[in-house]
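Single-structure report; data block below.
Below, the structure is given as structure tokens:
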């Protein structure tokens, strides 16, 4: 069995041609949200030169929203999703965010569990009557107690 390279999480500073080709191949078959001119930052997990995980955080209507968390099936259960989530939260904290949001299909229990460990809470907009099957938004309040529990979230 071949030993794998260590996993490195990188902020994608520029959407250059090489990164974009890796990104499009990584997300083939998945719908990718078009961010246009929204303030956003991608985070990528690499094993050597291979893109093995990916995520984005963007600013929309004054709130930081995490999206597009994907990990190559061969690299799951190695803490990559957790590290990508930490990187996105640190990014928002470094920009004075008071909370971070994400939306998720209710059947995606792996992603929900990944985020619940940080303290994300399911939020139901006032205009809806939500049940477990209908509430899709989750919020993490960035508080001093969160940083005591997870010191790695501080930039």
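In the working numbering, the protein residues as written are 1476 to 1630. All C-beta atoms in this analysis are idealised placements derived from N, C-alpha and C, irrespective of residue type, glycine included.
- Close CB contacts of residue 1515 within its chain, under the 8 Å cut and outside five residues either way in sequence, are with 1531, 1532, 1533, 1534 (chain order).
- Within the same chain, Cβ atoms closer than 6 Å to the Cβ of residue 1562 are found at 1484, 1518, the five residues on either side in sequence being excluded.
- Nearest Cα to residue 1545 within the set 1499, 1569, 1613: 1499.
- In this structure, 1595 is the residue among 1595, 1493, 1486 with its C-alpha nearest to the C-alpha of residue 1618.
- Residue 1574 is not a Cβ neighbour of residue 1611, given a cutoff of 8 Å.
- One alpha carbon belongs to residue 1623, the other to residue 1592, and they sit about 14 Å apart.
- The beta carbon of residue 1629 sits closer than 8 Å to the beta carbons of 1565, 1568, 1622 from its chain, once the five residues preceding and following it are set aside; these are given in chain order.
- With 16 or more other CB atoms across the displayed protein chains lying within 10 angstroms of its CB, residue 1556 is buried.
- Collapsing the DSSP output to three states places residue 1518 in a strand.
- In this structure, the alpha-carbon of residue 1620 lies about 21 Å from that of residue 1587.
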